[in-house]
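In UniProt numbering, the protein residues as written are 1 to 300. First the structure, in the form of structure tokens, and then the observations on it.
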């Protein structure tokens, strides 16, 4: 079975109205015409900036590599949506050549779009899980994965995403129907073979669960755990600082030894506060990304 199989059937003496030729209607048409043209450049430019920052030599940690792969997935996903954006304008949906190639490529482009969407979802899930494991085991904070391990993880994510979304390539056969003396084209997609309806049904169901539902649930739980863990650590750190200050005020320190000890305590406290601030910023960033992910995907 060839990917994206299609057949051009004999033409029919029927002409479609302009409304019938449209690929998008209602709210979908508004999104494609007015929202996507703004979303596309912002998304592409923003993710390109993220890639430039995260792929610098000093930032090649596991979270940065995962976020870089996620940014690449977002860029690729936005580009796969371009055919649908073009199809919302009359100059394209009335063009018979555009309609023909749009029908031929539609199922394959859908599969590729879902692949990049799934990869981005699972990568943010991996980033959240990585951050959570580091907060649960602070001793591992300074331990870094080799770059090849991170690359293997990213490759595994994309491979799994391709497997989950692959049914879109083979589950349907597209019949392209020439109309109106071959000046128009229409198409009908239907499952191929007696076993393909079940493949299309269960493939779409698994794709929905694994691509959308599971990442939303996991990222929501991890964001909540990161938030509550950060709040508890802030409370503990505040209490510890108060006790340390009180101890320093009540413990007499005489001469040079006392001066050196005070300076040592200040240096140690400053280093601990710097590390704590970096950890806090990392967790806030992950929680913010995860929260935005959950909100946008629940709406989707």
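The beta-carbon is built from N, C-alpha and C at its ideal position, and this holds for glycine as well.
What does DSSP give as the partner residue(s) for residue 75 in the beta ladder? Paired residue(s): none; residue 75 is not in a bridge.
Quick check on residue 63: buried or exposed, where buried means 16 or more other Cβ atoms within 10 Å of its Cβ? Residue 63 comes out buried.
Report the three-state DSSP secondary structure of residue 164 (helix, strand or coil). Residue state, collapsed to three classes: helix.
From the DSSP output, in three-state form, read off residue 179 for me. Annotated three-state conformation of residue 179 is strand, per DSSP.
On a CA-only basis, which of 106, 175, 74 is nearest residue 120? Give me that one, please. For the options 106, 175, 74, the alpha carbon positioned closest to that of residue 120 is the one of 74.
Endpoints, alpha helix (DSSP H) assigned at residue 103: 96 to 136 is the extent of the alpha helix (DSSP H) around residue 103.
What do you get for residue 155, buried or exposed, if any count of 16 or more other CB atoms within 10 angstroms of its CB means buried? Residue burial is scored here from C-beta neighbours: residue 155 has fewer than 16 other C-beta atoms within 10 angstroms and is therefore classed as exposed.
Residues near residue 257 by beta carbon distance below 8 Å, same chain, minus five either side: Note on residue 257: pLDDT 49, under 50, position unreliable in the model; the coordinate value appears next. Result list for residue 257: empty, nothing under 8 Å.
Output needed for residue 32: all residues of its chain with C-beta closer than 7 Å, excluding positions within five of it in sequence on either side, in chain order. Excluding the 5 residues flanking it on each side, residue 32 has same chain C-beta neighbours closer than 7 Å at 24, 84, 85, 88, in chain order.
How many angstroms separate the CA atom of residue 182 from the CA atom of residue 16? So the two alpha carbons sit approximately 12 Å from each other.
For residue 56, does the count of other Cβ atoms within 10 angstroms reach 16, so buried, or fall short, so exposed? Result: exposed.
Do residue 174 and residue 162 come within 7 Å of each other at the CB atom, strictly closer than that value? Taking 7 Å as the Cβ cut-off, residue 162 and residue 174 do not qualify as a contacting pair.
With contact counted as at least three CB pairs below 8 Å, one residue from each stretch, are the stretch 26 to 44 and the stretch 107 to 120 in contact? Output reads no: the stretch 107 to 120 does not touch the stretch 26 to 44.
Among the candidates 82, 113, 112, whose CA atom is the shortest distance from the CA of residue 98? Relative to the Cα of residue 98, the nearest Cα in the group 82, 113, 112 belongs to 82.
In angstroms with no decimal places, state the Cα-to-Cα distance between residue 136 and residue 76. Taken atom to atom, the span from the alpha-carbon of residue 136 to that of residue 76 is near 34 Å.
Using the C-alpha atoms, what's the distance from residue 213 back to residue 68? The straight-line gap separating the alpha-carbon atoms of residue 68 and residue 213 is approximately 23 Å.
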